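Numbering (UniProt numbering), first residue to last: 1 to 221. Report on the following structure.
Following this line, the structure appears as structure tokens:
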């Protein structure tokens, strides 16, 4: 199951601190009904299933650096009519958290990013991308530097079975490799260029899929 990251600018997240000196804040990690930079949309209730069934704690990190000590904790995570509302506290005595607090208040750090896992049953295809009606896992929520939809990470690779068109290949890169729509299109353009240099049939999907198939193994080297 790939890990998907969706990021909101602080203006959209409506970040509010409890007081000028406090390290507690609240805001929205995700909002419903808004088409993001990848062409995707989160529907109301998308997080309800996982919030009701997931037992593991959702961790707080900076820029999805899950290998580092968390910078704080999410005191409460809930859905309302607007989106995924979070109540949070940065860890007292944590040097990194103190630096992050200063950066947040100075607005040199700009957004919240929710990291979640989804299967094909969790979304429907729409003209612009995907419409998420649910998520299967809520991994972590990060405070992030740049509020852009470009933080997706490669967490898993799925089979290429069923990839028969260029559009299928783009969807595979987004679903299985965690690419954004822009990244997937750019990657395919590069592969098509390479295929074209070896063959007169630059749109040969078999050649394209063969090239993409080698991508996961290259990542492991």
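Every residue gets a Cβ at the ideal spot worked out from N, C-alpha and C, and that includes glycine. Everything numeric in this text was worked out from a predicted model, so none of it was measured.
Check                                                                                                                                                   : Outcome
Strictly by DSSP, which residues pair up with residue 130?                                                                                              : 125
For residue 104, which residues does DSSP report across the bridge?                                                                                     : DSSP, once it has assigned bridges, lists no residue as partnering residue 104.
Could you tell me the boundaries of the beta strand (DSSP E) in which residue 52 lies?                                                                  : Per DSSP, residue 52 belongs to no beta strand (DSSP E); it is in the alpha helix (DSSP H), 48–53.
Out of curiosity, what's the CA-to-CA distance linking residue 82 and residue 193?                                                                      : 43 Å
Does the region 9–27 come within contact of the region 111–126, defined as at least 3 CB pairs closer than 8 Å?                                         : yes
Give the single residue among 138, 185 and 168 whose Cα lies nearest to the Cα of residue 55.                                                           : 138
Could you give the residue range of the beta strand (DSSP E) that holds residue 25?                                                                     : 24–31
Determine the DSSP secondary structure at residue 72, reduced to helix, strand or coil.                                                                 : strand
Please return the same chain residues whose Cβ sits closer than 7 Å to the Cβ of residue 181, not counting the five positions on each side in sequence. : 38, 39, 129 and 174
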